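Below: one structure, written as structure tokens.
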Amino acid sequence: MSAVSLFPSRAVSVPGPRMPRGLALRQAARLALASALALLAFCMQPAAAQPDAWPTRPLRLIVPFPPGGAADVIARAVAAKLGERLGQAVVVENRPGAGTIVAAQAVAQAAPDGYTLSLATNGQLAINPALHAKLPYDPVKSFAPVGLVASTAFIIAVNADSPIRTLPQLIADAKRNPGGLAFTSCGNGTTCHLTGELLKAQAGVDMLHVPFAGSVQAVTALLGNQVQVASDTVAILAPQIRAGKLRGLVVTSAQRSAVTPDVPSAVEAGLPDLLAESWFGIVVPAATPPELVQRLNRELAAITQGSDVRDQFARLGVEPLQSTPEQFAKLIDSDIVKWGRVVRTAKVTAQ
Numbered sequence: 136m137s138a139v140s141l142f143p144s145r146a147v148s149v150p151g152p153r154m155p156r157g158l159a160l161r162q163a164a165r166l167a168l169a170s171a172l173a174l175l176a177f178c179m180q181p182a183a184a185q186p187d188a189w190p191t192r193p194l195r196l197i198v199p200f201p202p203g204g205a206a207d208v209i210a211r212a213v214a215a216k217l218g219e220r221l222g223q224a225v226v227v228e229n230r231p232g233a234g235t236i237v238a239a240q241a242v243a244q245a246a247p248d249g250y251t252l253s254l255a256t257n258g259q260l261a262i263n264p265a266l267h268a269k270l271p272y273d274p275v276k277s278f279a280p281v282g283l284v285a286s287t288a289f290i291i292a293v294n295a296d297s298p299i300r301t302l303p304q305l306i307a308d309a310k311r312n313p314g315g316l317a318f319t320s321c322g323n324g325t326t327c328h329l330t331g332e333l334l335k336a337q338a339g340v341d342m343l344h345v346p347f348a349g350s351v352q353a354v355t356a357l358l359g360n361q362v363q364v365a366s367d368t369v370a371i372l373a374p375q376i377r378a379g380k381l382r383g384l385v386v387t388s389a390q391r392s393a394v395t396p397d398v399p400s401a402v403e404a405g406l407p408d409l410l411a412e413s414w415f416g417i418v419v420p421a422a423t424p425p426e427l428v429q430r431l432n433r434e435l436a437a438i439t440q441g442s443d444v445r446d447q448f449a450r451l452g453v454e455p456l457q458s459t460p461e462q463f464a465k466l467i468d469s470d471i472v473k474w475g476r477v478v479r480t481a482k483v484t485a486q
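Note that this note's numbering has the sequence shown beginning at 136, numbered continuously upward.
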């Protein structure tokens, strides 16, 4: 904004014709009014033009899952620390439904003013576009990525009483009896499900998928020997593995998980491309001012570096992450390609 001179500078007078007194008074009044209006306009600039003033009221963090799960715990840990750093409460709003579509639509339609955030997952932004011909949001155009906060790999597990003790044994059994082994997941079209489909594609085997409406039901089915194999996150399966009720065959990462150190990595198990994770990041509505996105990114980086958050995440079996908005955007793009290919290969459809 160009500088506004509120007070005329002192000038050297030049002799000339004298202005009538009434006209001079009217011009002086106009100058005074113009100066006053300029000062008023400057003082009444909107808060959006003054980034230092943000935030001036509580923020909301929309979570696409019900309370109590790993995603909800992650969101609440981030919200508490973010609120402390910003000096405003960050209220967690659980909006489950339609495979995370309800929450995504709410964020996509929110005002891009920095007061609405969302915990986003690769299921929401990378898998849903492949499962649904039409969505009420665009995974790329509707959101501005802020940064990643956490991720968790998956484990392929069997009942502890199963004669299958290693991943090669599972693959050999599945090849001898195509479609004879049943694997369960936390739901059709979820990352749990598609990780199992990725295993089938990488190993060249056929197994029957038996989906359940959530991880609790899926793990219960495996514990009851209703199915032979389960695909779920480290956060979900690690407690059962440590308790000796389940046996982990492989963790879908390049290295072993510190939470389940006895479970081989995908590289060790002989399937180095069996890499899958469920990531959690923060996004805001598209057109949110870049300076607010950068500010939020800096705050997230500081939060995930904190020892208390890292300890809390470790107990959940999730790994704290940091990224720039640009790195997060590239991950979304690559996951759209990766999981889209898995969906098409396995002919997975939304149910």
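Cβ atoms here follow ideal geometry from the backbone N, Cα and C, with glycine treated the same way. As the structure is a prediction and not an experimental result, all values here were calculated from the model.
- Per DSSP, the beta-bridge partners of S253 are I197 and V418.
- With fewer than 16 other beta carbons inside 10 angstroms of its own, N312 counts as exposed.
- In the three-state reduction of the DSSP assignment, P280 falls in the strand class, which pools E and B.
- DSSP places H328 inside the alpha helix (DSSP H), whose first and last residues are T326 to A338.
- Three or more beta-carbon pairs drawn from the region 256-269 and the region 233-247 are found closer than 8 Å, and the two stretches are therefore classed as touching.
- At the C-beta level, I290 and V386 come within 7 Å of one another.
- Measuring C-alpha to C-alpha distances from K482 to each of P193, H328, R230 and R300 identifies H328 as the nearest.
- Across the set A265, A356, V418 and A288, the C-alpha of V418 shows the shortest separation from the C-alpha of A245.
- Taken atom to atom, the span from the alpha-carbon of A464 to that of G324 is near 22 Å.
- G475: member of the alpha helix (DSSP H) spanning P460 to A481, first to last residue.
- Counting along the chain, the unbroken alpha helix (DSSP H) around D207 starts and ends at A205 to L221.
- Contact between P455 and A338 fails: their C-beta atoms lie close to 31 Å from each other, not under 8 Å.
- Two segments are said to touch when three or more pairs of C-beta atoms, one from each, lie closer than 8 Å; by this definition the region 369-379 touches the region 346-356.
- Judged by DSSP secondary structure, P346 falls within the beta strand (DSSP E) whose first and last residues are L343 to P346.
- For the pair of segments examined, the region 409-418 was found not to touch the region 442-450: the number of CB pairs separated by less than 8 Å stays below three.
- Of the candidates H267, V402 and V354, V354 places its Cα closest to the Cα of A365.
- Looking at the DSSP output, P455 sits in a beta bridge with A285.
- Taking a C-beta distance under 7 Å as the contact criterion, A309 and Q363 do not qualify as a contact pair.
- A contact is defined here as three or more CB-CB pairs under 8 Å, and the region 189-196 meets this definition with respect to the region 210-229.
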